[in-house]
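Student: Pasting a structure below so you can have a look.
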Amino acid sequence: GIERKLVGTNSYKDVNEYKEKQDLLNEIAVLEGKVDEKKNEFLAISKNVPDKNLVLKPKRKEIKTEVVPKMFGKPEIHQKETGNYVFTPKQMEQLETIVTAAVAVKKDYERLQSMNPVIENEKLREEVYQKTNENYKLKNENKELRSENRDLKDLIGDLRHEVGLLYQSAKDFVKERTEGVRAVKNVFKELVDKVRERNPGSEFERLYKREKARERDRGMER
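Note that our numbering has the sequence shown beginning at 545, numbered continuously upward.
This is the structure:
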């Protein structure tokens, strides 16, 4: 693919820049998809709002009937209009749908009026770029730290090896110039104690303790 071509013709930095741009384009595509989704939602709501003034023909006017009883004869019946209109259940359902849609459209309109789409889009692009750039920097820092960690481990290994050689050389030096096993052990212990005073918990001391532990284990096996 294109990444393989870049590896063959450009530097490693160019490949990372290409990947960074691809990540940015993917983020922008996601944002544009959300915008399209919101547009479709807005259009679906708008379909419930009529293009022209709504005219609902009432089924009839509401009439209030009042019965006035009389002492003699039939009661008087008075009917008068209340000023209200009676609508069918279907008309009421239609009206509720339109009102709900109109409220939703009004809220979206007010929200859009309070923001500049161009500025908001630029802000989103800048945020995506910043996040992508931060991620790229963190990856590089992590890579550098891993490399430094490997170098430190190698250095520690080399130093331990050198201390081990010095330990053995010091022990051989004491053996060559001291008579008797017990005397050798005492002189070497004094040397270890001096090292401990100057550098407590050193690798030299650790090797001495490990050697003494092995001697104790061999003594128990006998």
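Positions of the beta carbon are idealized from the N, C-alpha and C atoms, including for glycine. Treat the numbers as computed from the prediction; the structure is a model and nothing was measured.
Let me make sure I understand the geometry here. Which of M615, D695, V611 has the alpha-carbon closest to that of H622?
Tutor: Here the question's residue 622 lines up with position 78 in the sequence shown. Selected option, being the one with the closest Cα: V611.
Student: Whole angstroms are fine: how far does the CA of E747 sit from the CA of R704?
Tutor: For the purposes of this step, residue 704 is identified with residue 160 of the sequence shown, where counting begins at 1. For the purposes of this step, residue 747 is identified with residue 203 of the sequence shown, where counting begins at 1. Approximately 7 Å, taken between the alpha carbons.
Student: Quick check on T641: does DSSP put it in helix, strand or coil?
Tutor: Translated into positions along the sequence shown, residue 641 becomes position 97. Helix.
Student: Per the contact definition of three or more C-beta pairs closer than 8 Å, is the segment 669-678 in contact with the segment 561-568?
Tutor: Because the criterion of three Cβ pairs below 8 Å is met, the segment 561-568 and the segment 669-678 touch.
Student: In the DSSP assignment, find the unbroken alpha helix (DSSP H) run with E734 in it and report its ends.
Tutor: Here residue 734 corresponds to residue number 190 of the sequence shown, with the count starting at 1. Start and end: 725-742.
Student: Which class does K624 belong to by DSSP, given the choice of helix, strand or coil?
Tutor: Position 80 of the sequence shown holds residue 624. In the structure shown, K624 sits in a strand (DSSP, three-state: E or B).
Student: I need the DSSP call for T632, collapsed to helix, strand or coil.
Tutor: Position 88 of the sequence shown holds residue 632. If DSSP states are grouped into helix, strand and coil, T632 belongs with coil.
Student: Going straight from the alpha carbon of E742 to that of E671, what length do you get?
Tutor: Position 198 of the sequence shown holds residue 742. Position 127 of the sequence shown holds residue 671. The sequence shown places Arg at residue 742, rather than the Glu named in the question. Each residue's Cα considered, the two are about 55 Å apart.
Student: Less than 6 Å between C-beta atoms, sequence neighbours within five positions excluded: which residues of the same chain meet that for V731?
Tutor: For the purposes of this step, residue 731 is identified with residue 187 of the sequence shown, where counting begins at 1. Taken in chain order, the residues that qualify are V718, T722.
Student: Assign V647 to buried or exposed, taking buried as 16 or more other Cβ atoms, counted over all protein chains shown, within 10 Å of its Cβ.
Tutor: For the purposes of this step, residue 647 is identified with residue 103 of the sequence shown, where counting begins at 1. It counts as exposed.
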